[in-house]
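One structure below.
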């Protein structure tokens, strides 16, 4: 079994992280396909794939339900291998979460039907990194899959995804709830404000928005306060899942300065937080052979045989342009190599390194994912610590 196959076989969760536009979705889907071909039941949880790739995975519409991907016979899928795909639906995820952590159905209904919650629900759901961690925990612990591969959402700040667990637990922190609820007595009779900053603020809000607004706001925080223990327990469980030996992070980058800076940052953060990192996938690279071809010796004879009625200098012009294009490609490849050295130096002992070339055309169907996945098997030997 190759190291790449072992990675897919030995883990229960693979999380692809990195900056936007580096092909995380394609890499995640390709890894899922390879694992399914090994005979594993795999779910690829993606955020917002390109439409053609979504269609190739059977995701023609948004939804929180997993869709089975039909794999062609020529892929030689091992017995038991299945590929499922799911596109994150943040609106459904936040409502499912409220139901799970509520102590009873009545509390869940109070929150979900509260106008304050309805006003901020879209903002909470809009935090895709947080919603991804919540949905991820559900699909990993449900027991339906041998492996889950997560395509993390593009983030403006690389810390957003790693800091996402516990975000609602911090919102419902008891001290914060106490500050908001201090203006109300035990019976929550409107108008009996306590002294202090919160009381003054609520008096101001009451004069602006009226009593009904404050009643509804109080109702929201009274109900939400009871969810603190549930949110906190989930955040602890998600962080534990991130640090589990059956989990592995894969840092995906492109050979650009900005992407490599983000990759180095992720490597440092994962190490500092005690989260297992399998290595780095350098995607969309331009590798070249060691032997520098001479356009004249390789193509000169063929060009002269085919030039027909063209002017005499046409062949030489074509050969010169082909030679110049090859030199530019080699200069680009050399620049990418120098940049990737920075990532290699930031990697720890035992980390693996995938070098994936830019494929012709777009990765938007199963055949292209299959070709991409083949580059994720032969690995450069790990760096020594």
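Numbering (the working numbering), first residue to last: 453 to 837.
Here a beta-carbon is modelled for each residue, glycine too, at the ideal position from N, C-alpha and C.
Computed from a predicted structure; not experimentally measured.
Requested in this report: Quick one: residues in its chain with C-beta nearer than 7 Å to the C-beta of residue 586, no 5 flanking neighbours on either side, listed in chain order?
Outcome: 545, 549
Query raised in the report: Does the pairing of the region 555-573 with the region 519-529 give three or more beta-carbon distances under 8 Å?
Result: no
**Report entry** Of the listed residues 796, 737, 743, 744, nearest to residue 812 (C-alpha basis)
**Finding:** 737
Report task. Give me the Cα-Cα distance between residue 693 and residue 742, rounded to the nearest whole angstrom. Result -> 44 Å
Requested in this report: Just tell me which of 819, 789, 675 has its CA closest to the CA of residue 557.
Outcome: 675
Query raised in the report: Mapping DSSP to helix, strand and coil, what is residue 825?
Result: helix
Query - Between the CA atoms of residue 481 and residue 821 - distance to the nearest angstrom - result: 7 Å
Query - Residues near residue 530 by beta carbon distance below 7 Å, same chain, minus five either side - result: 489, 490, 491
Report task. Return yes when the Cβ of residue 479 is within less than 9 Å of the Cβ of residue 533, no when it is not. Result -> no
Report task. Specify the secondary structure class of residue 583 as computed by DSSP and reduced to three states. Result -> helix
Requested in this report: In the DSSP assignment, find the beta strand (DSSP E) that holds residue 534 and state where it starts and stops.
Outcome: 534-539
Query raised in the report: Helix, strand or coil for residue 462 per DSSP?
Result: helix
Query raised in the report: Going by alpha carbons, who is nearest to residue 817 out of 510, 465, 470?
Result: 510
Query raised in the report: How many angstroms separate the CA atom of residue 835 from the CA atom of residue 803?
Result: The pLDDT assigned to residue 835 is 37, lower than 50, so where the model puts this residue is not dependable, and the model offers no usable value.
Query - Whole-angstrom distance between residue 496 and residue 502, CA atom to CA atom - result: 14 Å
Requested in this report: Report yes or no: do the region 463-475 and the region 694-714 share at least 3 C-beta pairs separated by less than 8 Å?
Outcome: yes
Requested in this report: Assign residue 674 to one of three DSSP states: helix, strand, or coil.
Outcome: helix
Report task. Could you tell me whether any non-hydrogen atom of the ligand ZN is closer than 8 Å to the CB of residue 570? Result -> Ligands in the displayed structure: none, and consequently the ligand ZN is not present.
Report task. Measure the alpha-carbon distance for residue 724 versus residue 603 and round it to whole angstroms. Result -> 22 Å
Requested in this report: May I have the straight-line CA-CA distance separating residue 825 from residue 474, to the nearest angstrom?
Outcome: 15 Å
**Report entry** Classification of residue 507 by the beta-carbon crowding that lies within 10 angstroms, buried from 16 upward
**Finding:** exposed
Query - residue 649, DSSP secondary structure in three states - result: Confidence at residue 649 is low in this model, with a pLDDT of 45, below 50, so its placement is unreliable and the value that follows should be read with caution. In this structure, residue 649 counts as helix in the three-state DSSP scheme.
Requested in this report: Measure the alpha-carbon distance for residue 553 versus residue 673 and round it to whole angstroms.
Outcome: 15 Å
**Report entry** The beta strand (DSSP E) enclosing residue 603, as first and last residue numbers
**Finding:** 599-603
Query - Spatial distance of residue 536 from residue 590 (CA atoms) - result: 15 Å
Report task. Please work out which residues of its chain come closer than 7 Å, Cβ to Cβ, to residue 614, disregarding the five sequence neighbours upstream and downstream, and give them in chain order. Result -> 721, 725
Query raised in the report: Which of helix, strand or coil does DSSP assign to residue 520?
Result: strand
Requested in this report: Could you tell me whether the Cβ atoms of residue 684 and residue 727 are closer together than 9 Å?
Outcome: no
Query raised in the report: Helix, strand or coil: which one does DSSP assign to residue 493?
Result: strand
Report task. Determine the DSSP secondary structure at residue 768, reduced to helix, strand or coil. Result -> helix
Query - Neighbourhood of residue 809 by C-beta distance below 6 Å, restricted to the same chain and skipping five residues each side - result: 737, 739
Query raised in the report: Is residue 470 closer than 9 Å to residue 709 when the C-beta atoms are compared?
Result: no
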